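As numbered in this note's numbering, residues 20 to 252 make up the sequence shown, in order. Even for Gly, the Cβ is constructed at its ideal location relative to N, Cα and C. All of these numbers come straight from a predicted model, not from anything done at the bench.
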Amino acid sequence: MAARNRRRPAARRRREQRRKAGLIGGVGGLVLLAVYWQVIWPYLVGGLALAGAALGGWWLWRTDRLVRRRDHQWRQQEALEAGRRSLTEVDAMSGGEFEDFVVELCRRDGCAEVRRVGGSHDDGADVRGRLPDGRSMVVQCKRYAPKRRIPSHEVRDLLGARVHFKADVAVFVTTTYFTGPAERTAVQNGVIAVHRDHLGSWNNGASLLSLSRVNGAGQGDRRHRARRKQTYE
Numbered sequence: 020m021a022a023r024n025r026r027r028p029a030a031r032r033r034r035e036q037r038r039k040a041g042l043i044g045g046v047g048g049l050v051l052l053a054v055y056w057q058v059i060w061p062y063l064v065g066g067l068a069l070a071g072a073a074l075g076g077w078w079l080w081r082t083d084r085l086v087r088r089r090d091h092q093w094r095q096q097e098a099l100e101a102g103r104r105s106l107t108e109v110d111a112m113s114g115g116e117f118e119d120f121v122v123e124l125c126r127r128d129g130c131a132e133v134r135r136v137g138g139s140h141d142d143g144a145d146v147r148g149r150l151p152d153g154r155s156m157v158v159q160c161k162r163y164a165p166k167r168r169i170p171s172h173e174v175r176d177l178l179g180a181r182v183h184f185k186a187d188v189a190v191f192v193t194t195t196y197f198t199g200p201a202e203r204t205a206v207q208n209g210v211i212a213v214h215r216d217h218l219g220s221w222n223n224g225a226s227l228l229s230l231s232r233v234n235g236a237g238q239g240d241r242r243h244r245a246r247r248k249q250t251y252e
């Protein structure tokens, strides 16, 4: 019992010594920090900045991955929904719905910054955006009954919109066909003329850029026009 009582004061002394040593070490560290602060603070700030930059870069990378994944899923869903529509369903759309439909097809093909701008003061443009190759585009959408025809002055209005918006490419999308003069005006001035047959191909998976290679073609001759007239009237 006496030996145990002698060990207790010794243990307390050791704890006190460790406490004092820790206090002295802490005070010494603060003194050293104060003395050498001018030397070490740039390294501390730099280290914190690097750590913050690394954390910010990781967060941006992760956010970009999530955004890209969601955008890919959204494009796939838009493509599926667009591909299910028939031209009969397109004919039943309102003008605004048809413009939204064209926006969906453009986005499906990888066009960027695509937005609907149609309205009472649209300056001849219903949709604007950028093609997958980066060129800016302006789009005019006309949901007309199949028996109607696009006259040349409407194509000229789109040419004016291309100049107004300083766009690289003009696209005319319609649910009907172009008159002969309108088709020539489009082809001669580099307007991508998407008539009813091309719209069906676009809806079924053909890309917008692939339609530019057959620009305005496929409307047929006089016999085809007479047959279409009998069909839709």
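request  = List the whole-angstrom C-beta distance separating residue 9 from residue 195, where the pair is believed to meet the contact cut-off of C-beta under 8 Å.
outcome  = The structure shown does not extend to residue 9, since the chain is modelled only from 20 through 252, so no value can be given for it.
Quiz item: Cα separation between residue 181 and residue 187?
Solution: Numbered from its first residue, the sequence shown carries residue 181 at position 162. Numbered from its first residue, the sequence shown carries residue 187 at position 168. So the alpha carbons of these two residues sit roughly 7 Å apart.
query: Straight-line CA distance for residue 121 to residue 146?
result: Translated into positions along the sequence shown, residue 121 becomes position 102. Translated into positions along the sequence shown, residue 146 becomes position 127. Between residue 121 and residue 146, the C-alpha separation is close to 8 Å.
Query raised in the report: If you draw a straight line from the alpha carbon of residue 133 to that of residue 70, how long is it in whole angstroms?
Result: Sequence index remark: in the sequence shown, residue 133 carries index 114 (1-based). Sequence index remark: in the sequence shown, residue 70 carries index 51 (1-based). Approximately 38 Å, taken between the alpha carbons.
Worksheet entry | Proximity test, residue 134 beta-carbon vs the ligand COA heavy atom, cut-off 7 Å | Looking for the ligand COA in the displayed structure turns up nothing, as the structure carries no ligands at all.
- Who are the Cβ neighbours of residue 110 in its own chain at under 8 Å, not counting the five residues just before and after it? As a first step, residue 110 must be located in the sequence shown, where it is residue number 91. A distance below 8 Å between beta-carbons, with the five flanking residues on each side excluded, links residue 110 to the following residues of its chain, in chain order: 162, 164, 165, 194.
*N- and C-terminal bounds of the beta strand (DSSP E) containing residue 160*: Taking the sequence shown and counting its residues from 1, one reaches residue 160 at position 141. Residue 160: member of the beta strand (DSSP E) spanning 155–161, first to last residue.
- Task: Could you check the C-alpha separation between residue 220 and residue 150 for me, to the nearest Å?
- Result: For the purposes of this step, residue 220 is taken as the residue at position 201 of the sequence shown. For the purposes of this step, residue 150 is taken as the residue at position 131 of the sequence shown. If you take the alpha carbons of residue 220 and residue 150, they lie about 18 Å apart.
Contact set for residue 112: own chain, Cβ-Cβ below 7 Å, skip 5 residues either direction: Here residue 112 is taken as the residue at index 93 of the sequence shown, counted from 1. Here the set comprises 120, 162.
- prompt: When burial is assigned at 16 or more other CB atoms within 10 Å of the CB, is residue 205 buried or exposed?
  reply: Position 186 of the sequence shown, counted from the start, is the residue given in the question as residue 205. Buried is the label assigned to residue 205, since at least 16 other Cβ atoms lie within 10 Å of its Cβ.
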